[in-house]
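Peer 1:
Number of protein chains: 2
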Amino acid sequence: MEERTPRRVDAERNRRRLLDAATEIFCERGLDVSVGEIAERAGLGRGTLFRNFPSKEALIAAIVVERVRESIARGRAMLAAPDPGEALFALVDQAIRVSETDRVLFEALDDNWMVNEEIAAVHRELLAVLDAMVTRAQAAGVVRRDVSAVDVLIMLKGVCEASRSFRHLDADIGLRQLDLVRAAISAPGHERPLRGHPPTVQEFECCHAQTGAEGSVPAAELATSGG
Amino acid sequence: MEERTPRRVDAERNRRRLLDAATEIFCERGLDVSVGEIAERAGLGRGTLFRNFPSKEALIAAIVVERVRESIARGRAMLAAPDPGEALFALVDQAIRVSETDRVLFEALDDNWMVNEEIAAVHRELLAVLDAMVTRAQAAGVVRRDVSAVDVLIMLKGVCEASRSFRHLDADIGLRQLDLVRAAISAPGHERPLRGHPPTVQEFECCHAQTGAEGSVPAAELATSGG
DNA sequence: ACCTGAACACCGTTCAAGT
DNA sequence: ACCTGAACACCGTTCAAGT
Numbered sequence: 214m215e216e217r218t219p220r221r222v223d224a225e226r227n228r229r230r231l232l233d234a235a236t237e238i239f240c241e242r243g244l245d246v247s248v249g250e251i252a253e254r255a256g257l258g259r260g261t262l263f264r265n266f267p268s269k270e271a272l273i274a275a276i277v278v279e280r281v282r283e284s285i286a287r288g289r290a291m292l293a294a295p296d297p298g299e300a301l302f303a304l305v306d307q308a309i310r311v312s313e314t315d316r317v318l319f320e321a322l323d324d325n326w327m328v329n330e331e332i333a334a335v336h337r338e339l340l341a342v343l344d345a346m347v348t349r350a351q352a353a354g355v356v357r358r359d360v361s362a363v364d365v366l367i368m369l370k371g372v373c374e375a376s377r378s379f380r381h382l383d384a385d386i387g388l389r390q391l392d393l394v395r396a397a398i399s400a401p402g403h404e405r406p407l408r409g410h411p412p413t414v415q416e417f418e419c420c421h422a423q424t425g426a427e428g429s430v431p432a433a434e435l436a437t438s439g440g
Numbered sequence: 214m215e216e217r218t219p220r221r222v223d224a225e226r227n228r229r230r231l232l233d234a235a236t237e238i239f240c241e242r243g244l245d246v247s248v249g250e251i252a253e254r255a256g257l258g259r260g261t262l263f264r265n266f267p268s269k270e271a272l273i274a275a276i277v278v279e280r281v282r283e284s285i286a287r288g289r290a291m292l293a294a295p296d297p298g299e300a301l302f303a304l305v306d307q308a309i310r311v312s313e314t315d316r317v318l319f320e321a322l323d324d325n326w327m328v329n330e331e332i333a334a335v336h337r338e339l340l341a342v343l344d345a346m347v348t349r350a351q352a353a354g355v356v357r358r359d360v361s362a363v364d365v366l367i368m369l370k371g372v373c374e375a376s377r378s379f380r381h382l383d384a385d386i387g388l389r390q391l392d393l394v395r396a397a398i399s400a401p402g403h404e405r406p407l408r409g410h411p412p413t414v415q416e417f418e419c420c421h422a423q424t425g426a427e428g429s430v431p432a433a434e435l436a437t438s439g440g
């Protein structure tokens, strides 16, 4: 299901050059840089960029997907760690560090970008890993039972975005915010229960399901197919 | 210092129409709508938009400033409330509600927009109110003493942004996140101290100080003027 | 099969001509 | 003093012509 078409080796190299050039320039000056500049930095024509990526949005999405996949890999590796609580917080900690370095990742992660099927798909994967880590930490008694992985993802995304904005204030602002998240979801001291119900991973998936996307059946269709 | 030039009454009305039309369209379809559409919805020519606002960014900033001023007013009113803790959390609660309705407000509040002097100035005002509320709540013993107003502002902004992204999941997702913020900053159960030091309001101001802005002396200059 | 740059549509901004 | 729309520069995207 991935990289199916065997492409010419120079084309593959050009694609890599475009991704690298784009990452560089996006980090330097944000997402508003022109595609002409990206192609120029990659040493290629503008047309080549659009041959590799159907749109500028798709180019950005490709970079975001790469970064999120790296987070997923780190998360999966940490699932084997001995201390469930520390593993979860270490993952969150790394996410904050990544968001401070690669601004493009978190700049492109609001709901406008969730309609992109590639980004939504990789988010579902990340959420599955996060869900496993949260469940493990809850079983170990270090995380309160009324928070879900979606709750944590939302807090995480918010803190990353905000602490990136304020990183000039204080280099450790991200760590500080992480400690606050930790205080929020830690097991003891929860006299006051959270309002609403813990959002489940299924709700998250059905919420971001795309119309017309192959292989992902909308929840409505699942519900009717049985009756 | 405000609205000094007495303008023609029809010009003032046109300015209002542009702000209202822009707010409407921004809420409907985000900040990427064209200025032509905004002017059309306001029943005016494109040139009139640029006579009232030097750029599209300035138009957006004007709307943001209006909304933040409303938050400041609500906050000042709540400073007189009898219960310091509830007052603080009610303010945070309202901020989340506003962010869910007026997407333009929080979409335009990352660090790219902090270089806008109007937005930075109104942020300093908001921070002063928030600082008063946090200090009051700390004195009442309901908020832990090692968090600052800047900490709360960062969490608040993050939660607003993220819960706006996920509001389709669950209408109460904002309230839920608010409860998590509350758990994070509440007084009891803080065995684990926060890393780093509480960022002060002064740090915040000096961090976002603009070059060449009249009346706001950079911290560096204050430090040298005494020697 | 892939690359390229001219060409197109569109958008933010300016400005000379109007009232 | 203010309004207007044609005109300009720029950017994302397409495509006919090249290798």
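Residue numbers (the working numbering), protein chains in the order written: chain A, 214 to 440; chain B, 214 to 440. Using N, Cα and C, we set each Cβ at its ideal position, and we do this for glycine too. Fair warning: this is a prediction, and the values are worked out from it, not measured in the lab.
1. By Cβ distance below 8 Å, which residues in the same chain neighbour A:ARG310 in space, the five residues on each side in sequence not counted?
2. Helix or strand or just coil, what does DSSP make of B:SER312?
3. What would DSSP say about B:GLY425, mapped onto helix, strand or coil?
4. Measuring only the C-alpha atoms, how far is B:ALA426 from B:ARG337?
5. B:PHE417 and B:VAL363: beta carbons closer than 7 Å?
6. What I want to know is whether the C-beta of B:ALA350 ends up closer than 6 Å to one or more non-hydrogen atoms of the ligand SAM.
7. Does the distance from the C-beta atom of B:THR236 to that of B:ILE276 stay below 7 Å?
8. Per DSSP, what are the beta-bridge partners of A:VAL356 in this structure?
9. Is it buried or exposed, B:ALA375, if we count other Cβ atoms within 10 angstroms and call 16 or more buried?
10. Could you work out which residues of chain B lie near A:GLU330, taking near to mean beta carbons separated by less than 9 Å?
11. Does A:GLU250 get closer than 7 Å to chain B when you measure Cβ to Cβ?
12. Measure from the alpha carbon of B:ARG242 to the alpha carbon of each residue in B:GLY371, B:MET327, B:VAL372, B:VAL317, then state which is nearest.
13. Please classify B:CYS373: is it buried, with 16 or more other beta-carbons within 10 angstroms of its beta-carbon, or exposed?
14. By the 10 Å Cβ neighbour count, where 16 or more other Cβ atoms means buried, how is B:ARG377 classified, buried or exposed?
15. Could you list the residues in the stretch 272–305 of chain A with a C-beta less than 7 Å from some C-beta on chain B, going in chain order?
16. Please decide whether B:GLU379 counts as near chain A, where near means a Cβ-Cβ distance under 7 Å.
17. Is the stretch 247–264 of chain A in contact with the stretch 286–294 of chain A, if contact means three or more CB pairs nearer than 8 Å?
18. Is there contact here, the stretch 295–307 of chain A with the stretch 381–395 of chain A, by at least three beta-carbon pairs under 8 Å?
19. Among B:ARG357, B:ALA334, B:PRO412, which residue has its Cα nearest to the Cα of B:LEU366?
20. Would you kindly report the start and end of the unbroken alpha helix (DSSP H) that includes A:PHE239?
21. Where A:ARG405 and A:ASP359 are concerned, what is the direct C-alpha to C-alpha distance, given to the nearest angstrom?
22. Around the C-beta of B:ASP494, are 16 or more other C-beta atoms found within 10 angstroms, so that it is buried, or is it exposed?
23. With H, G and I counted as helix, E and B as strand and the rest as coil, what does DSSP make of B:ASP364?
24. Would a C-beta distance cut-off of 7 Å place A:GLU313 and A:ARG380 closer than the cut-off?
25. Cβ of A:ASP385 less than 7 Å from any chain B Cβ?
26. How about B:LYS370: is its C-beta nearer than 7 Å to some C-beta of chain A?
27. Within its chain, find whatever has a CB closer than 8 Å to the CB of A:ASN227; leave out the 5 residues flanking it on each side and keep chain order.
28. Look at the alpha carbon of B:GLY249 and the alpha carbon of B:LYS269, and state the distance between them as a whole number of angstroms.
29. Assign B:PHE266 to one of three DSSP states: helix, strand, or coil.
30. Give the straight-line distance between the Cα atoms of B:ASN325 and B:ALA333, rounded to the nearest whole angstrom.
31. Between the alpha carbons of A:VAL328 and B:GLY409, how many angstroms are there, rounded?
Peer 2: This is what the structure gives:
1. GLY387
2. The answer is helix: DSSP assigns B:SER312 an H, G or I state.
3. Confidence is the limiting factor: at B:GLY425 the pLDDT is only 37, short of 50, which leaves the residue's position unreliable, though a coordinate-based value still follows. Reduced to three states, the DSSP call for B:GLY425 is coil.
4. Confidence at B:ALA426 is low in this model, with a pLDDT of 37, below 50, so the placement of that residue is unreliable and no value is reported for it.
5. yes
6. No copy of the ligand SAM occurs in the structure displayed, which carries no ligand at all.
7. yes
8. A:SER399
9. buried
10. Within chain B, no residue comes near A:GLU330; the closest Cβ sits about 16 Å away, beyond 9 Å.
11. No, its Cβ sits nowhere closer than 7 Å to a Cβ of chain B.
12. B:VAL317
13. buried
14. buried
15. Those residues of the stretch 272–305 of chain A that come within reach of chain B (Cβ to Cβ, closer than 7 Å) do not exist; the list is empty.
16. Looking at the sequence provided, one finds Phe at residue 379 of chain B rather than Glu. Yes, B:PHE379 counts as interfacial toward chain A.
17. no
18. Judged by Cβ distances under 8 Å, the stretch 295–307 of chain A makes contact with the stretch 381–395 of chain A, as three or more pairs qualify.
19. B:PRO412
20. 222–242
21. Going from the Cα of A:ARG405 to the Cα of A:ASP359 covers about 11 Å.
22. In this structure chain B extends from 214 to 440, so residue 494 of chain B is not present and cannot be described.
23. helix
24. Taking 7 Å as the cut-off, the beta carbon of A:GLU313 is found closer than this to the beta carbon of A:ARG380.
25. yes
26. Closer than 7 Å to some Cβ of chain A, the Cβ of B:LYS370 qualifies, so yes.
27. ALA255, LEU257, THR261, ASN265
28. 11 Å
29. coil
30. 11 Å
31. 38 Å
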